[in-house]
Every structure is written in structure tokens, then in C-alpha cells.
Amino acid sequence: MSTVRQPAVAGMFYPADPRQLAHDVQQLLAEAPPHELIPKALIVPHAGYIYSGAIAATAYATLRPAAAHIRRVVLLGPTHRVAVFGLALPGADAFDTPLGRIELDTEAARAIADLPQVTVSADAHALEHSLEVQLPFLQRVLGKFRLLPLAVGMATPEEVAEVLEKLWGGEETLIVISSDLSHFLPYAAARHVDEETVQTILKLGPPIDHEQACGGTPINGLIVAARRHRLTPHLLDLRNSGDTAGSQDRVVGYASIAFTEGDQGEQERA
Numbered sequence: 037m038s039t040v041r042q043p044a045v046a047g048m049f050y051p052a053d054p055r056q057l058a059h060d061v062q063q064l065l066a067e068a069p070p071h072e073l074i075p076k077a078l079i080v081p082h083a084g085y086i087y088s089g090a091i092a093a094t095a096y097a098t099l100r101p102a103a104a105h106i107r108r109v110v111l112l113g114p115t116h117r118v119a120v121f122g123l124a125l126p127g128a129d130a131f132d133t134p135l136g137r138i139e140l141d142t143e144a145a146r147a148i149a150d151l152p153q154v155t156v157s158a159d160a161h162a163l164e165h166s167l168e169v170q171l172p173f174l175q176r177v178l179g180k181f182r183l184l185p186l187a188v189g190m191a192t193p194e195e196v197a198e199v200l201e202k203l204w205g206g207e208e209t210l211i212v213i214s215s216d217l218s219h220f221l222p223y224a225a226a227r228h229v230d231e232e233t234v235q236t237i238l239k240l241g242p243p244i245d246h247e248q249a250c251g252g253t254p255i256n257g258l259i260v261a262a263r264r265h266r267l268t269p270h271l272l273d274l275r276n277s278g279d280t281a282g283s284q285d286r287v288v289g290y291a292s293i294a295f296t297e298g299d300q301g302e303q304e305r306a
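When you number the sequence shown by the working numbering, it's gap-free, plus one each residue, and the end is 306.
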């Protein structure tokens, strides 16, 4: 009997009604500004769609030209509810969303299962939103694909990079890192902090901490891998909740960044 992880934040972070969800995601994608890039990896935010959906859509819209070639998505996001040592697989066969079922790449899961930093924790995935909110976007852009979701807890950048290396693949594999930026700073302070964080990422610089980005651990691992594979980062969008749907008193920062192979033009600034 197959094990299926059910949606935990449908109706809270995004619509639970399939038709409304499909409409909202499609509208966000249609409104995203064009960027002529073919990403190998993306960093995308994971708040409720009213807050960060437009920023996330800017990243996912870049996948359209290559969508027919992408067959596997390796999705990493931070844990918010359950402490995890290393990177946790869900121990499931599929993830459901209101838009349908996504089969997990069990062969890829077996390929990394022997790494000491890889564990299995259904609890870490059960209520985790950082991974779930990415799925409807991926479903609308890619259609059919296999998913390898990893809930990232306490790990070094090198441990994350080692996992990515085993899963790197070719054009059939997309890597997605789910992360917001600063949390609950005043608007002007958040813009300053988030700009510095983004510049560090664009320069493939030193590790960032969890005050700068809640997904700092998987981002740092991607940076290590990006250096090895000579990826070029491009800033697609940088905003915060004060720009989208919230008060400017205490905001959360969001960025979308694409990593491409080779030099596909200059770094793009929002």
C-alpha cells in the first residue's frame, strides 16, 4: 500500500479549491515579468500566496521554455515545526495537492539513503509548508514530474552540497530551494538587510545565517554546489510583505533567484 502525504496548509497559505488554486497560480504566472533564462536551480519564497506568490511566480515563469525537459524536481526547504538532524526524506510514495498527485522519485531517494546526513521523518514533512506551497506552481508549469522533497534541519553546507551532487543530473533535473529572507523587521531595515543577503548569494559568497534567511542551510549548500558547477546566479525579484499585502511595520523579505549553467547574460536586478 502506498503512503501519500496529504496537504497541510491548503486553505491557509493557498486556496484549497482546485479551480480557484489553478486560476490564482495561472494568473500569478501570467503577470510575472519575462526573463530569458534556463535555470538549473531556483531560490523561491514560501509564504502565503497573497504575500509572496507574485515573487515566487517570477521564478517559476522562467521554467516554461525548458518545462518539456524537466522530469525531476529536487526540492529542499527548512523545517519550521519539527527539529531534524541533517536532511529528512518523507518516507512517502507521493504528495497530494488540490491539483492532483505528485509521485515521488523513490529511486533517487534510495541513491542518497546511505549518506549519514540523510534521514527519514514523516513528522518533519507532515505539517511543513515550505515545501508544500511550491508544489502547485510546479504542477502548473511542469505538468508531470517526479519529486524528491527534503526537509532540511541542522546540516553543514558541505553536507547539503553532497546530497545535491548525488542528485544533480542533467537538464531533466531542477533544484528548488525554498526560503524567505529576513523576518519581522521594519520595512526600511528589512530592505537593507535583504539587499545585503541577496548580494552575498549573487557573489556566491560566505555562508548566510538564519537571521538573513530561514532557508539559510539549503541556500548555503546550493552556493557550494553552484561554485563547483560554475553556475551563475540572477536576481529575478526582491520584495517584502510590505510591498505586497502587509503592514510595513514588521515585514518578511522574499527573493527569487535563478542559477544558470554557463553565462546566460548579465545578472538581472529587480
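Even for Gly, the Cβ is constructed at its ideal location relative to N, Cα and C.
The structure presented is a predicted model; accordingly, all values stated were derived computationally and were not measured.
8 angstroms is my cut-off, CB to CB: does residue i come that close to chain D?
i      : result
Lys239 : Structure shown: chain D not included; a single protein chain is present.
Below 8 angstroms CB to CB, which residues in the same chain sit around residue i once its five sequence neighbours on both sides are set aside?
i      : result
Gln170 : Val80, His82, Ala92, Leu111, Gly113, Val212, Ser214
Ala44  : Ala162, Leu163, Glu164, His165, Glu168
Pro193 : Pro243, Thr253, Asn256, Gly257, Ile259, Val260
Asp141 : Arg108, Arg182, Leu183, Leu184
Arg266 : Glu297, Gly298
Can you name, in chain order, every residue of its own chain whose Cβ lies under 6 angstroms from the Cβ of residue i, other than the five neighbours on each side?
i      : result
Met48  : none
Asp230 : Leu217, Ser218, Gly289
Val287 : Tyr223, Ala226, Asn276, Ser277, Gly278
Thr39  : Ala128, Asp129
Ala46  : Ala52, Pro134
Could you tell me how far apart the beta carbons of residue i and residue j are, in whole angstroms, since I believe they sit closer than 8 angstroms?
i      : j      : result
Thr94  : Leu210 : Actually they are not in contact, since the Cβ atoms of Thr94 and Leu210 sit about 16 angstroms apart, beyond 8 angstroms.
Tyr87  : Ala281 : 5 angstroms
Lys76  : Ala147 : With a Cβ gap of about 19 angstroms, Lys76 and Ala147 do not count as contacting.
Tyr99  : Leu178 : In the sequence as displayed, the identity of residue 99 is Leu instead of Tyr. At roughly 7 angstroms, the Cβ-Cβ gap stays under 8 angstroms, so Leu99 and Leu178 are in contact.
Gly189 : Gly241 : About 23 angstroms separates the two Cβ atoms, so there is no contact after all.
Thr268 : Thr296 : 5 angstroms
Ile138 : Ala130 : 6 angstroms
Where do the N-terminal and C-terminal ends of the beta strand (DSSP E) with residue i fall, by residue?
i      : result
Lys76  : 75-80
Arg275 : 267-276
Val120 : Careful: Val120 lies outside any beta strand (DSSP E) and carries neither H nor E.
Pro193 : Pro193 -> not in any beta strand (DSSP E); alpha helix (DSSP H) instead, spanning 193-203.
Pro185 : 182-188
His219 : 219-221
Ala291 : 287-297
Leu112 : 108-114
Take the Cβ of residue i as the centre, count every other Cβ of all protein chains shown within 10 Å, and call the residue buried at 16 or more, exposed below.
i      : result
Gly136 : exposed
Phe220 : exposed
Gly206 : exposed
Ala119 : exposed
For residue i and residue j, I'd like the C-alpha separation in whole angstroms.
i      : j      : result
Ala124 : Gln42  : 17 angstroms
Glu195 : Arg55  : 40 angstroms
Ala103 : Gly289 : 28 angstroms
Val234 : Leu78  : 13 angstroms
Gly298 : Ala197 : 19 angstroms
Thr115 : Asn256 : 15 angstroms
Thr253 : Val260 : 11 angstroms
Leu183 : Gln284 : 36 angstroms
Leu251 : Met37  : Position check: residue 251 holds Gly in this sequence, whereas Leu was assumed. Their backbone Cα atoms lie some 33 angstroms apart in a straight line.
Pro159 : Gly127 : Before going on, a small fix: residue 159 reads as Asp here, not Pro. Each residue's alpha carbon lies about 10 angstroms from the other.
Val156 : Ile74  : 32 angstroms
Tyr85  : Arg264 : 33 angstroms
Ala291 : Leu274 : 4 angstroms
Ala191 : Ile293 : 22 angstroms
Gln63  : Ala52  : 16 angstroms
Ala90  : Leu65  : 8 angstroms
His307 : Ala97  : Because residue 307 is not part of the residues shown, which for the chain are 37 to 306, the question remains open.
Gln200 : His228 : Per the sequence shown, the amino acid found at residue 200 is Leu instead of Gln. Cα to Cα, Leu200 sits roughly 30 angstroms from His228.
Ala249 : Glu232 : 11 angstroms
Leu151 : Ala262 : 20 angstroms
Val154 : Pro69  : 37 angstroms
Trp204 : Ala144 : 10 angstroms
Leu238 : Pro101 : 23 angstroms
Gln175 : Asp245 : 31 angstroms
His105 : His59  : 24 angstroms
Glu247 : Glu67  : 30 angstroms
Go through its chain and collect everything with a Cβ distance to residue i's Cβ below 7 angstroms, but skip five positions before and after it.
i      : result
Pro172 : Tyr50, Leu57, Val61, Thr133, Leu135
Arg107 : Phe181, Arg182, Glu208
Ala306 : Because Ala306 carries a pLDDT of 31, less than 50, the predicted location of this residue cannot be relied on, and no value is offered for it.
Arg117 : Leu163, Glu164
State the start and end residues of the unbroken alpha helix (DSSP H) segment that holds residue i.
i      : result
Val177 : 171-178
Ile91  : 85-96
Glu139 : Premise fails: Glu139 lies in the beta strand (DSSP E), 136-139, not in any alpha helix (DSSP H).
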